[in-house]
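Peer 1:
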Amino acid sequence: MKTILITGGVRGIGRSIALKFKQKGFRVCAVYSRDEENANSLAALGVEVYKADVSKEDEVASLFKKIGRVDVLVNNAGISLIKQIQDISYEEYERVMSVNMGGAFLCSREAARSMIDKRNGLIVNISSVWGEVGGSCESVYSASKAALLGFTKALAKELGWSGVRVNSVSPGVIDTPMNAHFSVEDIQAIKEEIPMGRLGTGEDVARAVEYLYENDYVTGADIPVNGGFSIV
Ligand code: NDP
65 MKTILITGGV RGIGRSIALK FKQKGFRVCA VYSRDEENAN SLAALGVEVY
115 KADVSKEDEV ASLFKKIGRV DVLVNNAGIS LIKQIQDISY EEYERVMSVN
165 MGGAFLCSRE AARSMIDKRN GLIVNISSVW GEVGGSCESV YSASKAALLG
215 FTKALAKELG WSGVRVNSVS PGVIDTPMNA HFSVEDIQAI KEEIPMGRLG
265 TGEDVARAVE YLYENDYVTG ADIPVNGGFS IV
């Protein structure tokens, strides 16, 4: 049985990816740092849940010791920060970078060791449309997501020889708890900017991850899942 590890896998986009791969017969391991309620409800569906902060080197190391070798790693855990630059503290900057980019680095480093030994494996980084085009009042979040795109391409080149593939998915605006703070009016205004006229779903993103798993000649690629939001 193949193992998939999804960081931030207990709610939102990560949960949709977890359920998609559960259906495909995988051993599914989902990581969270605080959200016990969603962790418990996902565990009840047969998914293994693990508590770890992906920005902490020691916690990531012991996480991989508990889980063992993984065939697919999805670096999905992420936090947003919507603020003007003059109001962002250095501590906030470091937190966003250390979760969004640092977590992907730490988990990829652990996973890559055994993937290289086995000459097989897939890493998928969940970036964002803001990593591609930049989001106003989200400079640090956008930078963390742009870093993930560079990391993806560089690592794909570095690991190609070993059969380990590295790709990213860049969602647009997806209907998850991360966007729960938007008012009805905000959501309407966002929809008007999306050519397809609707927000995305976790399932839309999960299907892109599934494609990257199924097609074993794709590496270093980014799949935008955004209803046309980033078309220029
Ligand atoms: P949610 O806030 O709904 O879920 C985020 C998940 O990440 C939660 O399970 C959360 O669990 C986990 N998480 C956060 N910090 C950590 C941490 N330090 N260690 C371990 N787990 C952590 O977000 P979404 O599902 O909306 O987003 C998922 C990914 O997709 C993120 O990377 C986000 O940036 C990206 N994305 C989302 C978009 C959207 O519109 N929703 C658009 C583009 C990209 P816990 O609370 O327990 O820590």
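In terms of my numbering, the sequence shown is numbered consecutively and its last residue is 296. Glycine is no exception: its CB is placed at the ideal position from the N, C-alpha and C atoms.
1) So with Cβ pairs under 9 Å, would you call Ile131 a contact of chain C?
2) Which residue marks the beginning of the beta strand (DSSP E) containing Val113, and which one marks its end?
3) Give the DSSP-derived three-state secondary structure of Ile143 in the structure shown.
4) I need the boundaries of the beta strand (DSSP E) containing Leu186, first residue and last residue.
5) Assign Arg262 to one of three DSSP states: helix, strand, or coil.
6) How would you call Gly214, buried or exposed, if buried means at least 16 neighbouring beta carbons within 10 angstroms?
7) Going by DSSP in three states, Met81 sits in which element: helix, strand or coil?
8) Does the segment 278–287 come within contact of the segment 250–259, defined as at least 3 CB pairs closer than 8 Å?
9) Pull up the DSSP beta-bridge partners for Ala244, would you.
10) I believe Ile77 touches Val269 by the beta-carbon criterion, under 8 Å. Please report the beta-carbon distance rounded to the nearest angstrom.
Peer 2: According to the structure data:
1) Absent here is chain C; the protein component of the structure consists of one chain.
2) Glu112 to Lys115
3) coil
4) Gly185 to Ile190
5) coil
6) exposed
7) It is Ile, not Met, that sits at residue 81 in the sequence shown. Here Ile81 sits in helix by DSSP.
8) no
9) In DSSP, Ala244 forms no bridge with anything.
10) 5 Å
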